[in-house]
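Asker:
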Amino acid sequence: MVMSVLLFSCKKDKEIDYASLIPGTWVNTQVDYNAIRTDASFVLKFNAGNMETFASGIVLNTNNKSWMENEDYTYSINGNKITIDGNNKLGSIFHMEFIIQYCDQQILSYSVSKFMVDGVEYPDPKIYTNKKVTADLTSQLVGTWYGRSTTPGSPDSSYHYWQYFADSHFNYYYRNDGGTWVNKPDNNGFYFLYGDLMASNYTNDLITGGTGKAFECWNISIQGSTMTWNGLRENDLIASFRMEKVAGPPL
């Protein structure tokens, strides 16, 4: 009886149709089954025609980092192996082979059997766990929001406005020392939304005084006219914001 159950289990595992489960968008949430910092998230999008998009934050140099979507990849699935090839926007050539450890309609875990950049192999013994995106929050996000940081001890206690547009750019408003609301002119802000993960690019951080390009990632929740952001940062700090949807930005 035990042997027949084991044989049935093995047969069932072999019959899993990974090619039908994999297509879609997956957000990395854990490495070696431990929660990752939100800014370290990456996104795998397995698209129609065996095209693949890889999105993540990239360090460009000492003063600049940016969230990028790299769309020039192809993928194939053979049994429980995913093979991905292509070039990123910085011109590097990638070859990746992932071994699926577990996959269903919600979770994808894999190990890395080969990871090569420009012909050089980089061993990676980690297990990556990803959740599938099942909802699009874009229509709820578009509009103007007014709120502030709710992180205990945050140096940023002021209120701000964020204005999100359907074309993926956003405006950020702050109140200057004279009490006037200012649309930050050098923000150059663009956002990317993958289910409840939002990544946003901007320049010249107003709070820290940092210069150059920057990005940050948040897990967002929208309930009616209220939105909250939460992000796991260094030293296990949970950063958070809370804001309300309003009619428009300040005049």
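Per our numbering, residue 3 is the first one in the sequence shown, and the count goes up by one each step.
We put the beta carbon where it would ideally sit given N, CA and C, even for glycine.
1. Taking Cβ positions, are residue 254 and residue 101 nearer each other than 8 angstroms?
2. Please state the DSSP three-state secondary structure of residue 41.
3. Could you give the distance in angstroms between the alpha-carbon of residue 1 and the alpha-carbon of residue 145?
4. Counting pairs of beta carbons, one from the segment 103-116 and one from the segment 133-145, are three or more of them closer than 8 angstroms?
5. Buried or exposed: residue 94, going by 16 or more other Cβ atoms within 10 Å of its Cβ?
6. Exposed or buried, what is residue 63 when buried is set at 16 or more other beta-carbons lying within 10 Å of its beta-carbon?
7. Apply the 10 Å Cβ neighbour rule to residue 12 and answer buried if 16 or more other Cβ atoms are within range, or exposed otherwise.
8. Closer than 7 angstroms by C-beta to residue 213: which residues in its own chain qualify, once you throw out the five before and the five after it? Chain order, please.
9. Rounded C-beta distance between residue 256 and residue 164? I'm assuming under 8 angstroms.
10. Using only the alpha-carbon positions, how far apart do residue 8 and residue 103 sit?
11. Using the rule of at least 16 other Cβ atoms within 10 Å of the residue's Cβ for burial, across every protein chain shown, is residue 41 buried or exposed?
12. Could you pull the DSSP bridge partners for residue 110 from this structure?
13. Identify the continuous beta strand (DSSP E) that holds residue 62 and give its terminal residues.
14. Going by DSSP, which residues form a beta bridge with residue 123?
15. Looking at the structure shown, is residue 236 part of a helix, part of a strand, or coil, going by DSSP?
16. Does the segment 69-77 come close enough to the segment 225-232 to have 3 or more Cβ pairs within less than 8 angstroms?
17. Look up residue 213 in the DSSP assignment and say whether it is helix, strand or coil.
18. Who are residue 80's beta bridge partners in DSSP?
19. Once the 5 residues before and after residue 190 are set aside, which same chain residues still bring their CB inside 6 angstroms of it?
20. Name the DSSP beta bridge partners of residue 66, please?
Answerer: In brief:
1. Residue 254 cannot be examined here, being either before or after the span of the chain that is shown, 3 to 253.
2. Within the sequence shown, residue 41 is the residue found at index 39, counting from 1. Helix at residue 41.
3. Given that the chain is displayed from residue 3 to residue 253, the structure contains no residue 1 and the question cannot be resolved.
4. yes
5. By one-based count along the sequence shown, residue 94 stands at place 92. Answer is exposed; the Cβ neighbour count stays below 16.
6. What you label residue 63 is simply residue 61 of the sequence shown in a count that begins at 1. Exposed is the call here.
7. Start at 1 with the first residue of the sequence shown, and residue 12 comes out as number 10. Bear in mind that the predicted position of residue 12 carries a pLDDT of just 45, short of 50, making it unreliable; the figure below should be weighed with that in mind. Exposed, by the Cβ-count rule.
8. What you label residue 213 is simply residue 211 of the sequence shown in a count that begins at 1. Hits under 7 angstroms: 65 and 206.
9. For residue 256 there is no data in the structure shown, the boundaries of the chain being 3 and 253.
10. Taking the sequence shown and counting its residues from 1, one reaches residue 8 at position 6. Taking the sequence shown and counting its residues from 1, one reaches residue 103 at position 101. Here residue 8 scores only 43 on pLDDT, less than 50, and its place in the model is too uncertain to base an answer on.
11. The sequence position of residue 41 within the sequence shown is 39, counting from 1. So residue 41 ends up on the buried side.
12. As a first step, residue 110 must be located in the sequence shown, where it is residue number 108. Looking at the DSSP assignment, residue 110 forms a beta bridge with 105 and 132.
13. Here the question's residue 62 lines up with position 60 in the sequence shown. Segment 53-63, the beta strand (DSSP E) holding residue 62.
14. Counted from its first residue, the sequence shown places residue 123 at position 121. Answer is 118.
15. What you label residue 236 is simply residue 234 of the sequence shown in a count that begins at 1. Helix at residue 236.
16. no
17. To locate residue 213, count along the sequence shown from 1; it is residue 211. If DSSP states are grouped into helix, strand and coil, residue 213 belongs with coil.
18. Your numbering for residue 80 matches position 78 in the sequence shown. Per DSSP, 83.
19. As a position in the sequence shown, residue 190 is number 188, starting the count at 1. Excluding residues within five positions, the ones whose Cβ falls inside 6 angstroms are 205.
20. Position 64 of the sequence shown, counted from the first residue, corresponds to residue 66. Residue 66 is bridged to 63.
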